[in-house]
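> Chains as they are written, first to last, in my numbering: chain A, 9 to 304; chain B, 5 to 470.
By construction, the Cβ of each residue, glycine as well, lies at the ideal position given by its N, Cα and C atoms.
Because the structure is a prediction, the values reported are computed rather than measured.
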Amino acid sequence: MFTLQRRRRLTAWAMCAPAVMLATGFIFYPLARGAWISLHQWDGFSAAMKWFGLRNYANVAADGIFWRALGNTLIFAIAVTVAKNVLGMFLATLLNRRLVGRGLFRTATFLPVVMSFVVVGILWSWIFNPTFGLLDSGLRMLGLDAWVQGWLSDPRIALGSVIAVDVWKWTGFHVVVLLAGLQTIPAELLEAAAIDGASKPQIFRKITLPQMMPVLSFSVLMSLTGAFVSNYDLVYVMTGGGPRHATEVALTWIMNAAFQNHAVGKANAMSIILFVCVAAAGALQLRVMMARSGGR
Amino acid sequence: MKRKSTKFPRTVGLILTTGLLSFGTLAACGDGDGAATGGGCQLTFLASADRPQAEQDGWKEVLAEFSSEYDCEVTAEFQGAWDEITQQVTAAQIAHEPIDLFITSTATRDLAKAGLIMSLDNCIAGFEDRFIDSAMEPYNFGSKQWAVPMSSTDTSAIVYNADMFKELGIDPPTTYEELVAAGKTIRDAKGIVPMLHQGSSPWYWGMWFFGAFGQESGNQSVQRTEDFLKGERRFDSPEEIAALADLAKFTEDGLLDQTTMATDLEGMRAALVQGKTAMIYVLTPELINLRAAGPDFEIGIFQFPRVLSDPAIRQEVGGGPENGLAIASFTEPDNLEAACQLVEYVSRPGGAASILEPIEPLVPSVKSVPVTQTEPLAPQLNSQFIPNTVEFLDWIWPGQINDAVRDAITGVMFDGVDPAEAAAAVQEAFDRLVAEEDYQFDWWADWDGAQWAKVEFPSGMKIEVG
Chain A
9 MFTLQRRRRL TAWAMCAPAV MLATGFIFYP LARGAWISLH QWDGFSAAMK
59 WFGLRNYANV AADGIFWRAL GNTLIFAIAV TVAKNVLGMF LATLLNRRLV
109 GRGLFRTATF LPVVMSFVVV GILWSWIFNP TFGLLDSGLR MLGLDAWVQG
159 WLSDPRIALG SVIAVDVWKW TGFHVVVLLA GLQTIPAELL EAAAIDGASK
209 PQIFRKITLP QMMPVLSFSV LMSLTGAFVS NYDLVYVMTG GGPRHATEVA
259 LTWIMNAAFQ NHAVGKANAM SIILFVCVAA AGALQLRVMM ARSGGR
Chain B
5 MKRKSTKFPR TVGLILTTGL LSFGTLAACG DGDGAATGGG CQLTFLASAD
55 RPQAEQDGWK EVLAEFSSEY DCEVTAEFQG AWDEITQQVT AAQIAHEPID
105 LFITSTATRD LAKAGLIMSL DNCIAGFEDR FIDSAMEPYN FGSKQWAVPM
155 SSTDTSAIVY NADMFKELGI DPPTTYEELV AAGKTIRDAK GIVPMLHQGS
205 SPWYWGMWFF GAFGQESGNQ SVQRTEDFLK GERRFDSPEE IAALADLAKF
255 TEDGLLDQTT MATDLEGMRA ALVQGKTAMI YVLTPELINL RAAGPDFEIG
305 IFQFPRVLSD PAIRQEVGGG PENGLAIASF TEPDNLEAAC QLVEYVSRPG
355 GAASILEPIE PLVPSVKSVP VTQTEPLAPQ LNSQFIPNTV EFLDWIWPGQ
405 INDAVRDAIT GVMFDGVDPA EAAAAVQEAF DRLVAEEDYQ FDWWADWDGA
455 QWAKVEFPSG MKIEVG
């Protein structure tokens, strides 16, 4: 027979159980197992793993392509986070107004979000195609031949092209999040400021932005952590990490190590390093933004 | 009281049931298709699901006939992509799932090294002459045969727009100099890039090196590659450097340009069909896709050009069978005889025809299967190209060397990297591989009797050869 308090506690545990089970099975156990494998030499299919200590980490430290990929990942993460949130805030502000066809614009903005990465990757690869792609053809048609580029073949701009596509795909998601935030700002606050003679930029800076900080924190956190760990599909489909590793990100290089080179121990060491980087970046960003929003 | 005491268990039960159902649903993925039933043995056959439906149907038909004739139930599973077969077999072994035979791909060396497949010499002794030699070769290493080819065999060819060549008065080039001259004529007359390659798919870059190194090595490319991987030869040797220098000329002489780096298979095909390029360097199955794209011009093929003037040196290129049939080493000992009998059965003229004819093989790996009649270039491929085809070197190189060679090729072709420097980078990658992963090419040399006992097909089994 259960006391009321004990029953409540057990009910709470029972309610949490599915999430705990899933998190244990699909997050905590794989993470622990990955950390364990990173201390071994293993090809992924041999029965036995060979104890390797920290040698995999030393090998990763000496792997120039991994550090280049990690650098690209960082550039990718920062660029898409800034672009998605700035553009998202701009579009959300526009779509919060009374516009003719507002529903259509909102739908159009969100549409890329529901498209698969593979579809988006192939679509944009063809748009960027140097031989018959829409972009270069359009530029030539407008007489802008000097702007014609090897969008995915020139190592200097290929990463920028992939970043642009990721921003195009995900901005709609952030627009929805930020739009929801904008709609929670009390109208009387904005009206009072306007009556007091505040200009629109002043209202945005002094009222809208501080009011939006918790939502913005969430939006930035989502885009930052997502950019670190969800760029594999797009890069793989669009460039495969090329040309000459110019768009290589940590995930494509980890997958290459694990499934092409069968260096599963080393791949796990890279994954652990990436995990630490993402966790640190996420924690730092959350701390800074929550501090600015007064801990809300 | 009664209500209080039952509330928690009901809630917990509901949630746990939901959780278990979720896991159950996840675990129940897969496309099993029992080909037939029988009262005797039970075999499981695994192949990737990305092969043509006609080929899958052919396998099911032949497996059903085998089941009926030998009273042995065969379950056919078609799952995943061709390059995931290693993971699938590994997962099956770990999960103790029954897999007896499967279609292997480029990872056969890795599977053999991991002890996951059987050496088939004792199994196929009575019928190994059914397969063409060049298709058997990629599955033969350490003097053992680890799989048998059951597919079309690929080789490499430069496909060109024959009407454009005729219009411009160009004959199919044989030498590199003739190719450069053809490229200049095309560029001047049409204003297009003469050649295109699917450069955004990194694994296809190797074929350029196979063509050049095949000649620079004096048609010893496979031997030289094995020597390199054994540590008996350096990659920055004169022949390898010369091959990379040959490739650098393709861009220096304007045959290829940077656009190739962003072109995928479909883009390359579309460019040729739309007349935006005149030549593409491809694996021969692409001919089928090109025909399907409906070009309004005649298609021609010629070999990778002569980069050396010595006529005694053949224009060697890379190739290999698309699929091999292997027996899993973890198959039940009682199933071995039936598994080998199945290998024999599917390679009989009738069985092989049912499986391979629907895919219209340009170069059938089983001798009894006729070359497709629908591709007019198939006879030329078989008579002219196949005799000059050796094993894809990237099937011999470990993944790390594949990465390094691709970087070397694209580096010399598009980034102005010095060929000697590029070759040295490949050697450095090899040295790192040995230091980091204890890489050993001839792993079989160190295997002991117990390891061989696990993978060697036993002798003395009664295999009926039909």
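Given B:Ala216, which residues of its chain have a CB within under 7 Å of its CB, disregarding the five upstream and five downstream residues?
Here the question's residue 216 of chain B lines up with position 212 in the second sequence. Ala247, Asp250, Leu251, Val311, listed in sequence order.
> Can you give the Cα-Cα distance for B:Phe389 and B:Phe214, rounded to whole angstroms?
For the purposes of this step, residue 389 of chain B is identified with residue 385 of the second sequence, where counting begins at 1. For the purposes of this step, residue 214 of chain B is identified with residue 210 of the second sequence, where counting begins at 1. C-alpha separation (whole angstroms): 14 Å.
> So, does the CB of B:Ala274 fall closer than 8 Å to a CB anywhere in chain A?
Within the second sequence, residue 274 of chain B is the residue found at index 270, counting from 1. Yes, its Cβ sits closer than 8 Å to a Cβ of chain A.
> Which residues in chain B sit within 8 Å of A:Gln49, going by Cβ to Cβ distance?
Position 41 of the first sequence, counted from the first residue, corresponds to residue 49 of chain A. Per Cβ cutoff of 8 Å: Glu441, Asp442.
> Please name the residue, chosen from A:Asp241, A:Gly189, A:Val272, A:Asp51, that lies closest to A:Leu259 on a Cα-to-Cα basis.
Walking along the first sequence from the start, residue 259 of chain A turns up at place 251. Of A:Asp241, A:Gly189, A:Val272, A:Asp51, the residue nearest in Cα terms is A:Asp241.
> Looking at the structure shown, is B:Gln91 part of a helix, part of a strand, or coil, going by DSSP?
Reading the second sequence from its first residue, position 87 is the one you call residue 91 of chain B. B:Gln91: helix per DSSP, three-state reduction.
> Does A:Leu30 pass the burial test, meaning 16 or more other C-beta atoms within 10 Å, or should it be called exposed?
Counting from one through the first sequence, the residue named residue 30 of chain A turns up at place 22. A:Leu30 is exposed by the Cβ-count criterion.
> Within the 8 Å Cβ cut-off, does A:Asp153 reach chain B?
As a first step, residue 153 of chain A must be located in the first sequence, where it is residue number 145. Not flagged as an interface residue toward chain B: A:Asp153, since no C-beta distance is shorter than 8 Å.
> Ignore the nearest five residues each way along the sequence and tell me which others in B:Thr378's own chain have a CB closer than 7 Å to its CB.
Numbered from 1 along the second sequence, position 374 holds the residue referred to as residue 378 of chain B. Glu364.
> Quick test of your reading: B:Met272 and B:Leu200, contact by CB under 8 Å. State the CB separation rounded to the nearest angstrom.
The sequence position of residue 272 of chain B within the second sequence is 268, counting from 1. The sequence position of residue 200 of chain B within the second sequence is 196, counting from 1. Indeed they touch by this definition, with Cβ atoms about 5 Å apart.
> Does DSSP put A:Leu150 in a helix, in a strand, or in coil?
One-based indexing of the first sequence puts residue 150 of chain A at position 142. Three-state result, A:Leu150: coil.
> Using a Cβ-Cβ cut-off of 8 Å, state whether B:Met265 counts as contacting chain A.
Position 261 of the second sequence, counted from the first residue, corresponds to residue 265 of chain B. So yes, B:Met265 belongs to the interface.
> Evaluate B:Thr255 with the Cβ neighbour count: other Cβ atoms within 10 Å of its Cβ, from every protein chain shown; 16 or more gives buried, anything less gives exposed.
For the purposes of this step, residue 255 of chain B is taken as the residue at position 251 of the second sequence. Under this definition B:Thr255 is a buried residue.
> From what residue to what residue does the beta strand (DSSP E) around B:Phe82 run?
Position 78 of the second sequence, counting from 1, holds the residue named residue 82 of chain B. Going by DSSP, B:Phe82 is part of the beta strand (DSSP E) stretching over 77 to 82.
> Using the C-alpha atoms, what's the distance from B:Thr157 back to B:Leu291?
Mapped onto the second sequence, residue 291 of chain B falls at position 287. Mapped onto the second sequence, residue 157 of chain B falls at position 153. Spanning the two alpha carbons is a distance of roughly 13 Å.
> Chain A partners of B:Pro206, CB-CB under 7 Å?
In the second sequence, residue 206 of chain B corresponds to position 202, counting from 1. Residues of chain A with a Cβ closer than 7 Å to the Cβ of B:Pro206 are, in chain order, Gly248, Gly250.
> If distances are taken between C-alpha atoms only, which option among B:Thr112, B:Ser52, B:Tyr285, B:Asp175 comes closest to B:Gly403?
Mapped onto the second sequence, residue 403 of chain B falls at position 399. Of the listed residues, the one whose Cα sits closest to B:Gly403 is B:Thr112.
> Are the C-beta atoms of A:Leu182 and some chain B residue less than 8 Å apart?
Position 174 of the first sequence, counted from the first residue, corresponds to residue 182 of chain A. Rather than Leu, the amino acid found at residue 182 of chain A in this sequence is His. By this cut-off, A:His182 is not an interface position.
> Report the neighbours of B:Asp411 on chain A: residues whose CB is nearer than 7 Å to its CB, in chain order.
Mapped onto the second sequence, residue 411 of chain B falls at position 407. Going along chain A in sequence order, the residues near B:Asp411 (Cβ under 7 Å) are Arg252.
> Mind reading off the beta-carbon distance from B:Ala330 to B:Ile121? Whole number of angstroms is fine, and I expect it under 8 Å.
As a working note, residue 330 of chain B is residue 326 in the second sequence. As a working note, residue 121 of chain B is residue 117 in the second sequence. That belief holds up - the Cβ atoms of B:Ala330 and B:Ile121 are roughly 4 Å apart, short of 8 Å.
> Using a Cβ-Cβ distance under 8 Å, would A:Pro120 count as near chain B?
For the purposes of this step, residue 120 of chain A is identified with residue 112 of the first sequence, where counting begins at 1. Chain B, which has no Cβ nearer than 8 Å to the Cβ of A:Pro120, makes this no.
> Considering A:Ala254, what are the terminal residues of the beta strand (DSSP E) in which it resides?
Translated into positions along the first sequence, residue 254 of chain A becomes position 246. Per DSSP, A:Ala254 belongs to no beta strand (DSSP E) and is neither H nor E.
> What separation, rounded to the nearest whole angstrom, lies between the Cα atoms of B:Ala457 and B:Gln60?
On the second sequence, residue 457 of chain B is found 453 positions in, with the first residue counted as 1. On the second sequence, residue 60 of chain B is found 56 positions in, with the first residue counted as 1. Rounded to the nearest angstrom, the two C-alpha atoms are 33 Å apart.
> Under a Cβ-count criterion, where at least 16 other Cβ atoms within 10 Å of its own Cβ denotes burial, should B:Pro2 be classed as buried or exposed?
Nothing about residue 2 of chain B can be read from this structure; chain B reaches only from 5 to 470.
> What are the uninterrupted segments assigned as alpha helix (DSSP H) that are 4 or more residues long and contained completely in the segment 378 to 424 of chain B, given in chain order?
Taking only runs of at least 4 residues, the alpha helix (DSSP H) segments lying wholly in the segment 378 to 424 of chain B are 403 to 418.
> Just the C-alpha distance for B:Gly258 and B:Pro198, rounded to the nearest angstrom, thanks.
The residue labelled residue 258 of chain B in the question sits at position 254 within the second sequence. The residue labelled residue 198 of chain B in the question sits at position 194 within the second sequence. Using only the alpha carbons, I get a separation of about 8 Å.
> Locate the alpha helix (DSSP H) running through A:Arg65, then write down its first and last residues.
As a position in the first sequence, residue 65 of chain A is number 57, starting the count at 1. A small correction: the amino acid at residue 65 of chain A is Tyr; Arg does not occupy that position in the sequence shown. According to the DSSP assignment, A:Tyr65 belongs to the alpha helix (DSSP H) that extends over 63 to 69.
> Using 8 Å as the cut-off, can you tell me whether the segment 94 to 105 of chain B makes contact with the segment 319 to 334 of chain B, which would need three or more C-beta pairs spanning the two stretches below that distance?
yes
> At which residues does the beta strand (DSSP E) containing B:Gly471 begin and terminate?
Lying outside 5 to 470, the shown extent of chain B, residue 471 of chain B is not represented and no answer is given.
> By Cβ distance, which residues of its chain are closer than 6 Å to B:Asp452, with the 5 residues on each side in sequence left out?
Sequence index remark: in the second sequence, residue 452 of chain B carries index 448 (1-based). Shown here for B:Asp452: not one same chain residue has a beta carbon closer than 6 Å to its own, the five before and five after excluded.
> Output the residue ranges of the alpha helix (DSSP H) runs that lie fully inside the segment 137 to 224 of chain A and measure 4 residues or longer, sorted by chain position.
142 to 149, 166 to 190, 195 to 203, 208 to 211
> Who does B:Leu329 pair with in a DSSP beta bridge?
Residue 329 of chain B sits at position 325 when you count from the first residue of the second sequence. Answer is B:Ile107, B:Val152.
> What does B:Gln262 touch in chain A if you count any residue whose Cβ is under 8 Å from its own?
In the second sequence, the residue the question calls residue 262 of chain B occupies position 258. Near B:Gln262 (Cβ distances below 8 Å), the residues of chain A are Pro138, Gly158, Ser161, Asp162.
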